[in-house]
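Engineer: Attaching a single structure in C-alpha cells format; questions to follow.
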Amino acid sequence: MAKTKQHKVNFATKAVHAGQHPEEITGAVTIPIFQTSTYSNKKLGETTGYDYARTANPTRTALQDCLAELENGKFAFCFSSGMSAVSAVINLFKSGDHIVCSDNVYGGTYRLYEQVMRKYGLDFTYVDTSDISLVENAIKPNTKMIYVETPTNPMLGISDLKKISALANNRKLISCVDNTFMSPYFQNPLDFGIDIVLHSSTKYINGHCDVIGGCVITSDESLAEQIKFLQNSIGAVPAPLDCFLILRALKTLPLRMKAHNSNAIAISEQLSRNRKVKKIFYPGLKSHPQHSIAKKQMRGFGGIISIDLGSYSAAKRFCNALNIFQIAESLGGVESLVCHPPSMTHGSVPKKMREKIGMNDGLVRLSVGIEDIHDLLNDIENALKKI
Ligand SMILES: Cc1ncc(COP(=O)(O)O)c(C=O)c1O
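Residues 1366 to 1752 in the working numbering are what the sequence shown lists, from first letter to last.
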C-alpha cells in the first residue's frame, strides 16, 4: 500500500489505496494500463524485475497486491477468469489424488472436475460440506484437499469455516474456499485458517458486468510459489486493461456490497411473505438452516437470493415478467439479474445431482443489484402476480 502502509487501516481505505503507488515518471495517481508484452533489459542479465508480461505486469501487480490485502493474505495471483483460478488450484494435485468437494458448487467447477480433471486421474467426492461429519467421512487415505464454496451457488448453503479448517489441519489436507458470493468485504476465509481463497472476480470484485477474471489468495509461501509457477506455466493471465478495470471497481467494493446487502435483505423479507414462493434460500433470513453460522463468519449476507417457485412454468413466467431484473447468467454486478440455474449456470450438472441438493426446475436465482429498492420490490411483486 502506498502512503497507508505504516498504519493499520480499515477495509474501505485498503480498497482505495492498497497496492497502488503514484506512478514513478509522472506521479499519475491512477495505476496506468501497462499495455506491453515485453520489457527492455538495461543490459544482458539486468532486468527491472519485469521481463515478459505473462510472468508479470505492473497493472496486474497492483491488483494482486490490493487483493492480497483485502483478503488478509500475503500473496495474490490474478487469472483471466474464475475458472482459470479454479484450474490453477486443482493443478496443484496429481493423478491418484482425491478431493472432497461441496456437493453444490458452481456448475463450471463441477464440469471442470468431472469432465476434465477426472481424465487425468483425479478423484472427487461430493458431500454437503455444511455437515462436517459428512466431510470427515468422505476423507480417504489419498485425499489432498477439501474444496468448499460458501455460500454455495445457487442454494446458498453455508459451511463452517472454522470446522473445515480445523479438520483440514488435523488431517494435513489443503483447504480451499470459493469466496465469490461474499467478496472480501463480507468474508475472509484465511482469517479462519483456510489455506487458499479464490474468487471469480467477474462477480462482486469487478461488479460491473464488463470483465471476466479470477484470483487466488494465500498466506502460505509454498502454496504461493506453486500457484505463481502454475499462473506462468499455464498462462491464463488477465489483460492489463482488465486489471485496471478491476482495480478501479475495487475502490467502490464496500459501497456496492452495502447496497447489495440492504436491497437483498428487503427483497428476501418481501419474498418470504408471498405464498407463490414455495421456498426461499437467503442466509440473512432466520429460517435459513445455517443462519447462525452465517452471522458468525460473515459480516453481511450478500446480494444473492434463490427462490423455488414450484415448477418450470412458474419460473419461466416470473423471469419473463421482470422488467428491471435482466435474464442473464452471472451475478454480482450493480445491475439486477435473474437466472434459472437448472437450465443456465448449472446446466452441466446432472439432473439427479441437482435434485439431490434441492435444485428443482422451479428454482430461480436473483442477483440483487444496487438500484432503488422500491423499484426492485415493485418489479418482483408485479412479476409474482403473473405466475
Ligand atoms: C461461485 C463461482 N465460482 C467460480 C465461477 C467461475 O467464474 P468465471 O465465470 O469468472 O470463470 C463462478 C461463475 O459464475 C461462480 O459463480
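The beta-carbon is built from N, C-alpha and C at its ideal position, and this holds for glycine as well.
(1) Can you tell me whether Q1400 is helix, strand or coil according to DSSP?
(2) Closest by CA to V1467, which one among S1540, E1436, D1430 and P1397?
(3) Within this structure, are the beta carbons of H1564 and T1545 separated by less than 8 Å?
(4) In chain order, what residues of the same chain lie with their CB nearer than 6 Å to the CB of I1645, ignoring the 5 residues before and after it?
(5) Spatial neighbours of N1437 within its chain, please: C-beta separation below 7 Å, excluding the five flanking residues on both sides.
(6) Examine ligand 1 and report whether any of its heavy atoms sits within less than 7 Å of the Cβ of E1514.
(7) Which two residues bound the contiguous alpha helix (DSSP H) that contains G1473?
(8) Could you tell me the boundaries of the alpha helix (DSSP H) in which L1618 lies?
(9) Are the beta-carbon atoms of A1601 and S1405 separated by less than 8 Å?
(10) Return the chain-ordered list of same chain residues with a C-beta closer than 6 Å to the C-beta of L1731, the five sequence neighbours on each side being excluded.
(11) Under 7 Å Cβ to Cβ from F1399, same chain only, skipping five residues before and after it: list those, please.
(12) Just to confirm before moving on: does the CB-CB distance between L1728 and A1680 stay below 8 Å?
(13) Taking the beta strand (DSSP E) that M1482 falls in, what are its first and last residues?
(14) Check whether the Cβ of N1518 sits closer than 7 Å to any heavy atom of ligand 1, and report yes or no.
(15) Indicate the three-state DSSP secondary structure (helix, strand or coil) for T1809 in the structure shown.
(16) When burial is assigned at 16 or more other CB atoms within 10 Å of the CB, is F1683 buried or exposed?
(17) Would you say the beta carbon of S1652 is closer than 7 Å to some non-hydrogen atom of ligand 1?
(18) Apart from the five residues on each side of it in sequence, which residues of its chain come closer than 8 Å, Cβ to Cβ, to V1733?
(19) Would you list the one or two residues that DSSP bridges to V1562?
(20) Given P1619, which residues of its chain have a CB within under 7 Å of its CB, disregarding the five upstream and five downstream residues?
(21) By alpha-carbon positions, which one of A1427, L1521 and I1577 ends up nearest to G1698?
(22) Starting from Y1550 and walking both ways along the alpha helix (DSSP H), at which residues does that stretch end?
(23) Considering only heavy atoms of ligand 1, does any lie closer than 7 Å to the CB of T1420?
(24) If you follow the beta strand (DSSP E) that C1684 is part of, which residue opens it and which one closes it?
(25) Going along the chain, which residues of its own chain have a beta-carbon closer than 6 Å to the beta-carbon of L1687, five neighbours each way excluded?
Structural biologist: In short:
(1) For the purposes of this step, residue 1400 is identified with residue 35 of the sequence shown, where counting begins at 1. It is coil, neither helix nor strand.
(2) As a first step, residue 1467 is located in the sequence shown; it is residue number 102 there, counting from the start. One detail in the question is off: residue 1467 reads as Ser in this sequence, not Val. When only C-alpha atoms are compared, the closest one is S1540.
(3) Sequence index remark: in the sequence shown, residue 1564 carries index 199 (1-based). Sequence index remark: in the sequence shown, residue 1545 carries index 180 (1-based). Yes.
(4) Along the sequence shown, read from residue 1 onward, the residue named residue 1645 stands at position 280. Closer than 6 Å at the Cβ level, and outside the excluded window around I1645, lie L1636, S1637 and I1672.
(5) Within the sequence shown, the letter at position 72 stands for residue 1437. N1553, L1555 and D1556.
(6) Residue numbering aside, residue 1514 sits at position 149 when the sequence shown is read from its first letter. The answer is yes for E1514.
(7) Sequence index remark: in the sequence shown, residue 1473 carries index 108 (1-based). From DSSP, the alpha helix (DSSP H) with G1473 extends over G1472 to R1476.
(8) As a working note, residue 1618 is residue 253 in the sequence shown. Note, L1618: alpha helix (DSSP H), L1618 to S1637.
(9) Counting from one through the sequence shown, the residue named residue 1601 turns up at place 236. Counting from one through the sequence shown, the residue named residue 1405 turns up at place 40. Not closer than 8 Å, so no.
(10) Along the sequence shown, one-based indexing puts residue 1731 at 366. Cβ neighbours of L1731 beyond the five flanking positions: I1670 and V1703.
(11) The residue given as residue 1399 occupies position 34 in the sequence shown. If we look at F1399 and ignore the five residues flanking it on each side, its Cβ neighbours are N1422, P1423, T1424 and P1605.
(12) On the sequence shown, residue 1728 is found 363 positions in, with the first residue counted as 1. On the sequence shown, residue 1680 is found 315 positions in, with the first residue counted as 1. Going by C-beta atoms, L1728 is nearer than 8 Å to A1680.
(13) Counting from 1 along the sequence shown, the entry for residue 1482 is found at position 117. Segment: none, M1482 is in no beta strand (DSSP E) and carries neither H nor E.
(14) Here the question's residue 1518 lines up with position 153 in the sequence shown. Flag set: Cβ of N1518 near ligand 1.
(15) Since the first and last residues shown for the chain are 1366 and 1752, residue 1809 lies out of range.
(16) The residue you call residue 1683 lines up with position 318 of the sequence shown. Burial call: buried.
(17) In the sequence shown, residue 1652 corresponds to position 287, counting from 1. S1652 Cβ: outside cutoff for every heavy atom of ligand 1.
(18) As a working note, residue 1733 is residue 368 in the sequence shown. Counting only Cβ-Cβ distances below 8 Å, and skipping sequence neighbours, we find H1625, N1628, A1629, I1632, G1668, I1669, I1670, S1701 and L1741.
(19) On the sequence shown, residue 1562 is found 197 positions in, with the first residue counted as 1. BP columns for V1562 point to V1542 and I1582.
(20) Residue mapping note: residue 1619 aligns to position 254 of the sequence shown, counting from 1. Cβ neighbours of P1619 beyond the five flanking positions: F1376, A1377, A1380 and Y1550.
(21) Numbered from its first residue, the sequence shown carries residue 1698 at position 333. When only C-alpha atoms are compared, the closest one is I1577.
(22) The residue you call residue 1550 lines up with position 185 of the sequence shown. Start and end: S1548 to F1551.
(23) Position 55 of the sequence shown, counted from the first residue, corresponds to residue 1420. The answer is no for T1420.
(24) Taking the first residue of the sequence shown as position 1, residue 1684 is located at position 319. Careful: C1684 lies outside any beta strand (DSSP E), inside the alpha helix (DSSP H) at Y1677 to A1686.
(25) As a first step, residue 1687 must be located in the sequence shown, where it is residue number 322. Cβ neighbours of L1687 beyond the five flanking positions: V1703, D1744 and A1748.
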